[in-house]
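Single-structure report; data block below.
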Amino acid sequence: METLDYNYLLNRAFAMLPRKTSRAQRFVLPKVNAVIIGSYTTIRNFKDIYDTLRRSPKHLSRFLLRKIGVAGSIDESSGTLTLHGKVSAPTLNRLLEIYVKKYVVCPTCGSWDTVLERKGRVWILRCEACGAETSVEPV
Ligand SMILES: [Zn+2]
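For the sequence shown, the numbering used here gives the first residue as 1, with consecutive numbering after it.
See below:
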């Protein structure tokens, strides 16, 4: 009869788990933290979002404002974006997912390790993982 101790088995089980080392797994799309005050909506974690996606606040805000069809302004000191309208968090999260698909994820390999570059009038999504360059429509 074997008398292997429980902790030993547990440690061995953990040691055998596959290690998650893929670069893509570093990225988790932050959920929008939005608060509606009067007829304005403020995205309180706007800076977290554009930092995580490595996109300029201007590019991301322009996308959101155009899609929603409202004016808005970035407050650089607090890292927030205020929209001149009432917009629900689920709507903002959906738009953020669309933005990520269009302007962040590499269509060739699925990596989020990409940069957005402007070449003349064309915007290029350049992947740092596989090297693919994809033209994307301007915001
Ligand atoms: Zn790629």
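From the three backbone atoms N, C-alpha and C, an ideal C-beta is built for every residue, glycine too.
Bear in mind the structure is a predicted one, so any value in this text is a computation, not a measurement.
Item to check | Neighbour-count burial assignment, Gly38, 16 or more Cβ in a 10 Å radius | outcome: Taking a 10 Å sphere around the C-beta of Gly38, we find fewer than 16 other C-beta atoms and assign the residue as exposed.
Item to check | Assigned exposure category for Ser61 - 16 Cβ within 10 Å defines buried | outcome: Burial of Ser61 is indicated by the presence of at least 16 other C-beta atoms within 10 angstroms of its C-beta.
Checklist entry - For Gly72, which residues does DSSP report across the bridge? => result According to DSSP, residue pairing for Gly72 in a beta bridge involves Leu83.
Checklist entry - Which value, in whole angstroms, describes the spacing of the CA atoms of Asp51 and Asn11? => result Rounded to the nearest whole angstrom, the C-alpha separation of Asp51 and Asn11 is 36 Å.
Next on the checklist: If you measure between the beta carbons of Gly69 and Leu81, is that distance less than 8 Å?
Outcome noted: Cβ atoms of Gly69 and Leu81: not closer than 8 Å.
Checklist entry - Since Val122 is in the beta strand (DSSP E), which residue starts that stretch and which ends it? => result Boundaries of the beta strand (DSSP E) around Val122: 122-127.
Checklist entry - If you count every other CB in all the chains shown that lies within 10 Å of the CB of Thr134, and 16 or more means buried, which is it? => result Looking at its Cβ environment, which holds fewer than 16 other Cβ atoms inside 10 Å, Thr134 is exposed.
Next on the checklist: Helix, strand or coil, according to DSSP, for Val35 in the structure here?
Outcome noted: Strand.
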